[in-house]
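Peer 1: Start counting the sequence shown at 1395; every next residue gets the next number (this note's numbering). I'd like to ask some things about the structure below.
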Amino acid sequence: MLDADPWAAAQGFLPGRARELSTIAARWRVAASDGLQAVRITGEPGIGKSALLGAITGAVIGDGGRVARTRGDAAAPPLNPIARLVRTLAEGHGPEALAEGLRFDAEAVLALAPELRHGDEPVPAGRVVHLDIHRVADGFRRLLAWQAAVRPVALLIDDAANLDVASRAVLRNLVADRPVVHALLLVAEREEPEDEPALGDDTWATVVRLLGLPADELAAVIQRETAFTPGRALVDELAAATGGNPGFALEVVREADPARLAQGAVAVVSPAAEALARRRLHRLARLPGRDGIDHRLTVAAVLGDDIDLVLLEAVTSSSTPELAATLGR
Ligand SMILES: Nc1ncnc2c1ncn2[C@@H]1O[C@H](COP(=O)(O)OP(=O)(O)OP(=O)(O)O)[C@@H](O)[C@H]1O
Ligand SMILES: [Mg+2]
């Protein structure tokens, strides 16, 4: 039996994201009458974008919908993220059914995921298929409309900053066309000032920007993920040090001295965060290109760019104006 309100259930699974989930639930419902809705989920690393997509998956399935999920991957061949969505949406349909459902758009869809063609030789991994991007976009839209008429669909795109240009073009085309189908497109991407958003700068998509969690919710996350119940003083210390970033707070707790944690001691955060930073710097030190500006950015990436410039100056042997320029302050 389906849950009475799967979106409310999802709120119970994900501490501190009730407002964000109800914004997204509203878009999901509006899509039933007004057609495709799009939501851009942004926020810093560890803030909970992927976790939110996980909770949405549960809610959509609980609501009788279908989820097709993919992610940007800088190492994957072009259009691979779209091909993954196509495979999910086309699942269970042979080439005849696809040809009938998609008509003249079937060819582009089959070219994108050639194994959908029965009897074809398997396609060698990594082969670059040259496809007309407009035809692929049309085929993808037709496939979505065809399937969404059967059951509403949520398209989940994680790590969208790593999407290739062709995949972005397909998604932008879909958003620009805004077909009247019961579908919700969710695009999660880190907020990097220098990156262009996957859907472009002037999209009509609803923006859900994830911020740090308040202390109570942070405590709930830690309790759930680590089975450790932090005391009030420790939670406040963690919330202040991490800006309420759940991923960061979990890393700090996992890094902290268990004996001190068990005593509920305050001042566990700073040594744990330093140990984390040391470990990351150690890894980064093995990467090439650490001179000059790269090195300053490396340190800022580890310590956060709101770090005190005087401290950063000491660590990187750079002058304050140089640092300010690098960090864009
Ligand atoms: N609201 C939450 N409740 C419970 N756990 C959470 C919540 N938000 C995040 N987490 C946990 O924090 C960690 C980091 O979250 P997540 O991986 O979703 O971050 P992200 O924004 O996707 O980061 P990245 O940009 O690196 O992909 C995960 O272990 C996740 O399960
Ligand atoms: Mg993520």
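Where a beta carbon is used, it is the ideal one built from N, C-alpha and C, also for glycine. Given the structure is predicted, the values throughout are model-derived calculations rather than measurements.
Measure the alpha-carbon distance for Q1431 versus W1598 and round it to whole angstroms.
Peer 2: Roughly 9 angstroms between the two C-alpha positions.
Peer 1: Helix, strand or coil, according to DSSP, for R1434 in the structure here?
Peer 2: In this structure, R1434 counts as strand in the three-state DSSP scheme.
Peer 1: Roughly how far, in whole angstroms, is the beta-carbon of A1462 from the beta-carbon of P1400, given that I think they are within contact range, below 8 angstroms?
Peer 2: That belief does not hold up - the Cβ atoms of A1462 and P1400 are roughly 18 angstroms apart, past 8 angstroms.
Peer 1: Helix, strand or coil: which one does DSSP assign to E1583?
Peer 2: strand
Peer 1: Taking DSSP as the reference, what is the three-state secondary structure of A1449?
Peer 2: Here A1449 sits in helix by DSSP.
Peer 1: Are at least three pairs of beta-carbons, each pair with one atom in the stretch 1419–1429 and one in the stretch 1585–1593, less than 8 angstroms apart?
Peer 2: no
Peer 1: Look at the Cβ atom of L1655, then the Cβ atom of A1643, and state whether they are nearer than 9 angstroms.
Peer 2: no
Peer 1: Using 9 angstroms as the threshold, is the C-beta distance between V1602 and I1441 below it?
Peer 2: no
Peer 1: Can you tell me which of the three DSSP states L1571 falls into?
Peer 2: Before going further, note that residue 1571 is Asp rather than Leu in the sequence given. D1571 falls in the helix class under three-state DSSP.
Peer 1: In the DSSP assignment, find the beta strand (DSSP E) that holds V1662 and state where it starts and stops.
Peer 2: First-last for V1662: undefined, no H or E at that position.
Peer 1: State the Cα-Cα distance for the pair P1471 and L1557, rounded to the nearest angstrom.
Peer 2: 10 angstroms
Peer 1: Which value, in whole angstroms, describes the spacing of the CA atoms of A1728 and V1615?
Peer 2: One cannot answer for residue 1728 here, as it falls past the ends of the chain, which runs 1395 to 1723.
Peer 1: State buried or exposed for G1410, treating a residue as buried only when at least 16 other CB atoms are found within 10 Å of its CB.
Peer 2: Here G1410 is buried. Its C-beta has 16 or more other C-beta atoms within 10 Å.
Peer 1: Assign E1509 to buried or exposed, taking buried as 16 or more other Cβ atoms, counted over all protein chains shown, within 10 Å of its Cβ.
Peer 2: Residue burial annotation: E1509 is exposed, with fewer than 16 other C-beta atoms found within 10 angstroms of its C-beta.
Peer 1: Are A1555 and A1577 touching if we call contact CB-CB under 9 angstroms?
Peer 2: no
Peer 1: Could you give the first and the last residue of the continuous beta strand (DSSP E) run that contains L1549?
Peer 2: Where L1549 is concerned, the enclosing beta strand (DSSP E) stretches over 1547–1552.
Peer 1: Work out the CA separation of R1535 and L1568 for me, nearest whole Å.
Peer 2: 6 angstroms
Peer 1: Tell me which same chain residues have a C-beta within less than 7 angstroms of the C-beta of A1613, skipping the five on either side of it?
Peer 2: Sequence-distant Cβ neighbours of A1613 in its own chain, meaning closer than 7 angstroms and more than five residues away, are P1624, V1629.
Peer 1: Any chance you could list the alpha helix (DSSP H) runs of at least 4 consecutive residues sitting entirely within the stretch 1449–1517, in chain order?
Peer 2: 1474–1484, 1489–1496, 1500–1506
Peer 1: Any heavy atom of ligand 1 closer than 8 angstroms to the beta-carbon of D1595?
Peer 2: no
Peer 1: Just mark S1416 as buried or exposed, buried being the case when its beta carbon has 16 or more other beta carbons within 10 Å.
Peer 2: Burial call: exposed.
Peer 1: How big is the Cα-Cα spacing for G1637 and A1542?
Peer 2: 40 angstroms
Peer 1: Would you tell me roughly how many angstroms separate the C-alpha atoms of T1451 and A1412, rounded to the nearest one?
Peer 2: 15 angstroms
Peer 1: In whole angstroms, what separates the C-alpha of G1513 from that of G1488?
Peer 2: Low confidence applies to G1513: its pLDDT is 47, below 50, so where it sits in the model is not reliable, and the reading given next is rough at best. Approximately 11 angstroms, taken between the alpha carbons.
Peer 1: What's the call for G1606, buried or exposed, on a 16-neighbour Cβ count within 10 Å?
Peer 2: buried
Peer 1: Leaving out five residues before and five after E1501 in sequence, what residues of the same chain have Cβ atoms less than 8 angstroms from its Cβ?
Peer 2: The answer, listed in chain order, is R1529, G1533.
Peer 1: Hey, could you find the ends of the alpha helix (DSSP H) V1646 is sitting in?
Peer 2: 1640–1649
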